[in-house]
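Residue 57 in the working numbering sits at position 54 of the sequence shown, with consecutive numbering throughout. All C-beta atoms, glycine included, are put in the ideal place defined by N, C-alpha and C. Please read these numbers as outputs of a predicted model, since none were measured by experiment. Worksheet: one structure, shown below.
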Amino acid sequence: MVIKQTFLKQFKPAVPRIYLLVIAGLAWSGVGLLLCWHVYDWLKDMHGIMVLIPVLAGIMLSLIVFHFGFSRIARKNIDRICQSDKYACIFSFQEWKSYVIITVMIASGVFLRRSTIPKHSLAVIYLTIGCALFFSSLLYFNRVWKKNTNEHPNK
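What follows is the structure, encoded as C-alpha coordinates:
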(Lines of atoms letter the chains of each structure in order from A and count residues from 1; the text may use other names and numbers.)
(Lines give C-alpha, C1' and ligand atoms only; values in the text may rest on other atoms or scores of the structure.)
Protein backbone atom coordinates (compact mmCIF):
# COMPACT_ATOMS: atom_id res chain seq x y z
CA MET A 1 0.00 0.00 0.00
CA VAL A 2 2.84 2.41 0.85
CA ILE A 3 4.51 1.66 -2.48
CA LYS A 4 1.25 2.39 -4.32
CA GLN A 5 0.83 5.73 -2.50
CA THR A 6 4.43 6.69 -3.23
CA PHE A 7 3.98 5.76 -6.89
CA LEU A 8 0.76 7.78 -7.22
CA LYS A 9 2.24 10.75 -5.35
CA GLN A 10 4.77 11.33 -8.12
CA PHE A 11 1.88 12.14 -10.48
CA LYS A 12 0.27 14.64 -8.11
CA PRO A 13 0.56 18.13 -9.62
CA ALA A 14 2.05 19.73 -6.50
CA VAL A 15 3.10 23.37 -6.34
CA PRO A 16 4.38 25.63 -3.55
CA ARG A 17 1.44 26.93 -1.55
CA ILE A 18 2.13 30.55 -2.48
CA TYR A 19 1.22 29.55 -6.04
CA LEU A 20 -2.14 28.34 -4.75
CA LEU A 21 -2.81 31.84 -3.42
CA VAL A 22 -1.91 33.35 -6.79
CA ILE A 23 -4.00 30.78 -8.70
CA ALA A 24 -6.99 31.38 -6.43
CA GLY A 25 -6.65 35.15 -6.78
CA LEU A 26 -6.41 34.89 -10.56
CA ALA A 27 -9.39 32.54 -10.73
CA TRP A 28 -11.58 34.73 -8.53
CA SER A 29 -10.59 37.96 -10.29
CA GLY A 30 -10.88 36.37 -13.74
CA VAL A 31 -14.41 35.13 -13.12
CA GLY A 32 -15.37 38.42 -11.49
CA LEU A 33 -14.10 40.43 -14.46
CA LEU A 34 -15.81 38.04 -16.89
CA LEU A 35 -19.15 38.62 -15.17
CA CYS A 36 -18.57 42.39 -15.21
CA TRP A 37 -17.74 42.15 -18.92
CA HIS A 38 -21.15 40.55 -19.55
CA VAL A 39 -22.74 43.49 -17.73
CA TYR A 40 -20.82 45.96 -19.86
CA ASP A 41 -21.87 44.11 -23.02
CA TRP A 42 -25.53 44.16 -21.97
CA LEU A 43 -25.60 47.83 -20.92
CA LYS A 44 -23.28 49.45 -23.45
CA ASP A 45 -26.12 50.64 -25.70
CA MET A 46 -28.16 52.09 -22.83
CA HIS A 47 -27.82 55.64 -21.56
CA GLY A 48 -28.45 57.75 -18.48
CA ILE A 49 -30.55 56.41 -15.66
CA MET A 50 -31.08 53.09 -17.48
CA VAL A 51 -27.39 52.35 -16.93
CA LEU A 52 -26.90 54.15 -13.65
CA ILE A 53 -29.55 52.27 -11.65
CA PRO A 54 -28.36 48.69 -12.34
CA VAL A 55 -24.69 49.68 -12.00
CA LEU A 56 -25.14 51.46 -8.67
CA ALA A 57 -27.40 48.69 -7.37
CA GLY A 58 -24.90 46.02 -8.43
CA ILE A 59 -21.94 47.79 -6.84
CA MET A 60 -23.79 48.49 -3.58
CA LEU A 61 -25.02 44.90 -3.33
CA SER A 62 -21.55 43.60 -4.17
CA LEU A 63 -20.13 45.32 -1.11
CA ILE A 64 -22.67 43.51 1.05
CA VAL A 65 -22.01 40.15 -0.64
CA PHE A 66 -18.27 40.75 -0.33
CA HIS A 67 -18.44 41.64 3.37
CA PHE A 68 -20.86 38.94 4.53
CA GLY A 69 -20.11 36.20 2.01
CA PHE A 70 -17.17 35.98 -0.34
CA SER A 71 -14.58 37.65 1.89
CA ARG A 72 -15.26 35.07 4.58
CA ILE A 73 -14.87 32.23 2.09
CA ALA A 74 -11.66 33.77 0.72
CA ARG A 75 -10.17 34.26 4.20
CA LYS A 76 -11.05 30.67 5.11
CA ASN A 77 -9.34 29.46 1.91
CA ILE A 78 -6.30 31.65 2.58
CA ASP A 79 -5.94 30.29 6.11
CA ARG A 80 -6.33 26.71 4.86
CA ILE A 81 -3.75 27.21 2.11
CA CYS A 82 -1.24 28.87 4.46
CA GLN A 83 -1.57 25.98 6.91
CA SER A 84 -1.20 23.29 4.25
CA ASP A 85 1.96 21.38 3.38
CA LYS A 86 4.79 23.32 1.75
CA TYR A 87 3.77 21.72 -1.56
CA ALA A 88 0.11 21.02 -2.26
CA CYS A 89 -1.97 19.79 -5.18
CA ILE A 90 -2.57 22.59 -7.67
CA PHE A 91 -6.34 21.97 -7.47
CA SER A 92 -6.42 22.46 -3.70
CA PHE A 93 -6.71 26.24 -4.00
CA GLN A 94 -10.40 25.50 -3.31
CA GLU A 95 -11.87 22.88 -1.02
CA TRP A 96 -13.27 19.88 -2.89
CA LYS A 97 -16.85 20.74 -1.89
CA SER A 98 -16.39 24.22 -3.36
CA TYR A 99 -16.05 22.67 -6.80
CA VAL A 100 -19.64 21.41 -6.48
CA ILE A 101 -20.81 24.92 -5.58
CA ILE A 102 -18.81 26.38 -8.47
CA THR A 103 -20.46 23.94 -10.89
CA VAL A 104 -23.93 24.91 -9.62
CA MET A 105 -23.07 28.61 -9.94
CA ILE A 106 -21.81 28.17 -13.51
CA ALA A 107 -24.94 26.22 -14.48
CA SER A 108 -27.13 28.88 -12.84
CA GLY A 109 -25.29 31.64 -14.69
CA VAL A 110 -25.73 29.90 -18.04
CA PHE A 111 -29.42 29.31 -17.28
CA LEU A 112 -29.97 32.95 -16.30
CA ARG A 113 -28.08 34.27 -19.31
CA ARG A 114 -30.22 32.16 -21.67
CA SER A 115 -33.48 32.94 -19.87
CA THR A 116 -36.02 35.57 -20.89
CA ILE A 117 -35.12 37.76 -17.92
CA PRO A 118 -34.22 41.23 -19.26
CA LYS A 119 -30.48 41.77 -19.43
CA HIS A 120 -30.64 45.04 -17.49
CA SER A 121 -32.16 43.06 -14.60
CA LEU A 122 -29.55 40.32 -14.88
CA ALA A 123 -26.90 43.03 -14.91
CA VAL A 124 -27.56 43.72 -11.23
CA ILE A 125 -27.04 40.04 -10.30
CA TYR A 126 -23.97 39.62 -12.50
CA LEU A 127 -22.39 42.87 -11.32
CA THR A 128 -23.09 42.01 -7.68
CA ILE A 129 -21.37 38.64 -7.94
CA GLY A 130 -18.66 39.83 -10.33
CA CYS A 131 -17.55 42.76 -8.19
CA ALA A 132 -17.76 40.72 -4.97
CA LEU A 133 -15.55 38.03 -6.52
CA PHE A 134 -13.08 40.64 -7.74
CA PHE A 135 -12.93 42.39 -4.36
CA SER A 136 -12.38 39.00 -2.69
CA SER A 137 -9.58 38.16 -5.11
CA LEU A 138 -7.69 41.13 -3.74
CA LEU A 139 -7.51 39.36 -0.37
CA TYR A 140 -5.52 36.55 -2.01
CA PHE A 141 -3.15 39.00 -3.70
CA ASN A 142 -2.82 40.99 -0.48
CA ARG A 143 -1.77 37.82 1.34
CA VAL A 144 0.84 37.07 -1.30
CA TRP A 145 2.34 40.55 -1.25
CA LYS A 146 1.80 41.41 2.39
CA LYS A 147 4.96 42.99 3.78
CA ASN A 148 4.02 43.75 7.39
CA THR A 149 3.96 40.22 8.71
CA ASN A 150 6.57 37.77 9.89
CA GLU A 151 4.69 34.81 8.47
CA HIS A 152 5.49 34.44 4.79
CA PRO A 153 2.90 32.31 2.91
CA ASN A 154 5.61 29.97 1.64
CA LYS A 155 7.09 29.08 5.06
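Can you check whether the CB of residue j is closer than 9 Å to the CB of residue i?
i: Ile84; j: Leu141; result: no
i: Thr131; j: Ala60; result: yes
i: Ser32; j: Ser74; result: no
i: Leu46; j: Val58; result: yes
i: Pro16; j: Phe69; result: no
i: Asn80; j: Ala135; result: no
i: Ile49; j: His123; result: At residue 49 the sequence reads Met, which differs from the Ile that was named. For Met49 and His123, yes; Cβs fall inside 9 Å.
i: Asp88; j: Arg146; result: no
i: Val25; j: Tyr90; result: no
i: Gly112; j: Leu36; result: no
What are the partner residues of residue i, as DSSP defines its beta bridges?
i: Cys134; result: DSSP output for Cys134 lists no bridge partner at all.
i: Val18; result: Ala91
Within the continuous alpha helix (DSSP H) that includes residue i, where are the two ends?
i: Pro57; result: Ile52 to Val68
i: Ser111; result: Trp99 to Arg117
i: Lys79; result: Ser74 to Cys85
If residue i and residue j are in contact, beta carbons under 8 Å, what's the gap, nearest whole angstrom?
i: Tyr129; j: His41; result: 5 Å
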